[in-house]
Every structure is written in C-alpha cells, then in structure tokens.
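Student: Numbering of the sequence shown is given in our numbering, commencing with residue 16 and proceeding in unit increments. Glycine included, every Cβ here is placed at the ideal spot set by N, Cα and C.
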Amino acid sequence: MPSGTCRTAQGSVSRMGTVMTISIELTKFGHACVRLEKEGRRIVIDPGEYSDPAPALEGAEHVLITHQHPDHLDEGAVLAFLAANSSATVRAPEVPAARLAARAADAGVDAIQIIATGAGEKFECAGFSVRTVGGQHAVIHAYIPVVANTGYIIDGLVYHPGDSFIVPAGPAPDTLLVPLSAPWNKMAEMVDFIVGVRPRQAIPVHDALLNDSVGRPLYIKRAQMFADRHGVRLTDLAVGETDVIEGPEPTDTDAAADAVFADKLDLKHFNG
Numbered sequence: 016m017p018s019g020t021c022r023t024a025q026g027s028v029s030r031m032g033t034v035m036t037i038s039i040e041l042t043k044f045g046h047a048c049v050r051l052e053k054e055g056r057r058i059v060i061d062p063g064e065y066s067d068p069a070p071a072l073e074g075a076e077h078v079l080i081t082h083q084h085p086d087h088l089d090e091g092a093v094l095a096f097l098a099a100n101s102s103a104t105v106r107a108p109e110v111p112a113a114r115l116a117a118r119a120a121d122a123g124v125d126a127i128q129i130i131a132t133g134a135g136e137k138f139e140c141a142g143f144s145v146r147t148v149g150g151q152h153a154v155i156h157a158y159i160p161v162v163a164n165t166g167y168i169i170d171g172l173v174y175h176p177g178d179s180f181i182v183p184a185g186p187a188p189d190t191l192l193v194p195l196s197a198p199w200n201k202m203a204e205m206v207d208f209i210v211g212v213r214p215r216q217a218i219p220v221h222d223a224l225l226n227d228s229v230g231r232p233l234y235i236k237r238a239q240m241f242a243d244r245h246g247v248r249l250t251d252l253a254v255g256e257t258d259v260i261e262g263p264e265p266t267d268t269d270a271a272a273d274a275v276f277a278d279k280l281d282l283k284h285f286n287g
C-alpha cells in the first residue's frame, strides 16, 4: 500500500454493546516514531534521528520519549518543536528529561514543558489516557550500561515498548508496535515478544538498520509466519501510512495492572 494511504481495522464498529468505542489514527514516520491522532488531537512517540521528526510533530500537543538513545530522541528537533509551541509538552525518563531541561533556556523553551516520567504511572495528555510500563532498556552487551526505558500503553489499545520486551500486565493491547531489529534484539526474541503479548495486530517498527532489498523482507517474513501461527495480524506500514485502530474506551479496570508495575522488585530474592 503506498505511502500516505489509510487502513481501517477490520470489523470495527462505533459501539460494542453499550460500551462506546474510540478511534485512533496511527501513522508511521520511520524507525520507532509514530503519531497518534484522536478527535483531531495528536501525540507523538519517539521522534528520533532515524525518523522524520518535523512532519511527525506537526500539530502535536504532547511528545512521549521511551529512552535517551538518539534513534528515539532527536533533542534538537524536540526542543525546536517545544520552542515553537509553548503549550506543547514532552515526557521522558529522568536522564533524557534532564538533558532536554539543561538545553531548554538556550533553545527558548520553558522548562515546565519538560516532564520526567517512569514506569508505573498513569496520566492524561491531549485527550489520551496513558499508562507507563517497563523500567529499563533491553541488554545490548554486558559491558554496556543499561539505561531507563519507559513503555507507553495508549488508551489501553496501542503499546509502544521502546527498546524492551516487557509484556504488560492486564488485558492484551489491541496493537503492539514490535521492534523488528536492533543491536539488542535477535529474531527469536522479536517473534517471542509477539507471541507473549498476543495482540490483535502487530505493527513492525525499529527497522531503520535493515535494508529494503534483503534484510527487512526476511524479518517481515519470519514475523508474519509466527504472527499467523498465533492468530496475530501483522500490519506492515510504509512510512507515512496510517492505520485506524478502534476499541472500547479505557476503564478503571486498568488500575490493577498499573499497581503491578508500580511495585518494587524484591531484589533480596535475586541477590541473596
């Protein structure tokens, strides 16, 4: 399907019994960057240097950053966006939030526009309900320190895990943005993540390191094979393409799942 076109979820309706449904337009802007739009309001997740941040950020009210790596956060582009849109805000884990705040004054940005976030939180932004999960980046190598990573579940429907394989508690999200390839990600882990989350559909992201002639088609083929086996629809979006996701409005039943990720791990159990 060519860039700029729009897909609609199969079998979607405006009501589910007496429960009202919501409709989210998800547009891919390259690598890990997506824009979500609902009722004319927009949020953007992970506008990084491997994506196209300027068109992605157009008209957005809020930006969500999963972690500090430059393929997920183009600091200059985000600061320029905040400077041009004084009512816009960004949420990111503590380290990237602090780095943005340190550059805010020189960029003409009010530091109040930059908000630190982490796992186990729940908030509203631009009309979307957001739940945060995870806590840390997947391991790249034993010698490379692990950084904080916050995954975002939007309206209970869309899950962007950033660079992690955290399977969230609670009901499965409708749509999983599955990282296709990375230095921290092997093919077996990618397909197991799809199987573990078991969404209605998986949309491949984090694919900028794969060439279009051999690498990406191979990974898509393997993802498709395992998705089909486990009843998951694989929706491969081109850059600029939009998928329409519909489902029930979020309810307070999500609160129980939030509590699971807010709990502290009993490290004594693991470390003696």
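According to DSSP, simplified to helix, strand and coil, what is isoleucine 130?
Tutor: strand
Student: Less than 7 Å between C-beta atoms, sequence neighbours within five positions excluded: which residues of the same chain meet that for valine 148?
Tutor: Ala134, Gly166, Ile168, Ile181, Pro183, Phe276
Student: Any contact between the segment 151-161 and the segment 242-250? By contact I mean 3 or more CB pairs, one from each, below 8 Å.
Tutor: Taking 8 Å as the limit for Cβ pairs, the verdict is that the segment 242-250 does not touch the segment 151-161.
Student: Give every residue of the same chain whose Cβ lies closer than 7 Å to the Cβ of serine 29, excluding the five residues on either side of it in the sequence, and list them in chain order.
Tutor: Only weak support is given to the placement of serine 29: the predicted model assigns it a pLDDT of 46, under 50, and the question is left unresolved by the model.
Student: May I ask which residues mark the beginning and end of the beta strand (DSSP E) holding phenylalanine 208?
Tutor: No beta strand (DSSP E) contains phenylalanine 208, which is instead part of the alpha helix (DSSP H) from 202-212.
Student: Cα-Cα, which of Asp189, Ile60, Ser196 is closest to proline 232?
Tutor: Ser196
Student: Since isoleucine 60 is in the beta strand (DSSP E), which residue starts that stretch and which ends it?
Tutor: 56-60
Student: To the nearest angstrom, how far is the alpha carbon of alanine 75 from that of serine 101?
Tutor: Those two C-alpha atoms are separated by around 12 Å.
Student: Which class does leucine 195 belong to by DSSP, given the choice of helix, strand or coil?
Tutor: coil
Student: Once DSSP output is grouped into helix, strand and coil, what is the label at glycine 91?
Tutor: helix
Student: List the DSSP bridge partners of cysteine 140.
Tutor: Phe143
Student: Three-state secondary structure (DSSP) at proline 85?
Tutor: In the structure shown, proline 85 sits in coil (DSSP, three-state: anything other than H, G, I, E or B).
Student: For valine 78, does the count of other Cβ atoms within 10 angstroms reach 16, so buried, or fall short, so exposed?
Tutor: That one is buried.
Student: Buried or exposed for aspartate 170, going by 16 or more other Cβ atoms inside 10 Å?
Tutor: buried
Student: To test your reading of the DSSP string, which unbroken alpha helix (DSSP H) runs of 4 or more residues are found completely within the segment 212-258?
Tutor: 230-244
Student: By alpha-carbon positions, which one of Pro108, His82, Thr81, Leu115 ends up nearest to leucine 97?
Tutor: Leu115
Student: Would valine 220 and proline 194 qualify as a contact pair, given that the criterion is a beta-carbon distance under 8 Å?
Tutor: yes
Student: Drop a sphere of 10 angstroms on the beta-carbon of tyrosine 234, count the other beta-carbons inside from all chains shown, and report buried for 16 or more, exposed for fewer.
Tutor: buried
Student: Return the first residue and the last residue of the beta strand (DSSP E) that alanine 163 is part of.
Tutor: Unbroken beta strand (DSSP E) run through alanine 163: 163-169.
Student: Given this structure, state the Cα-to-Cα distance separating arginine 146 from glutamate 139, to the nearest angstrom.
Tutor: 9 Å
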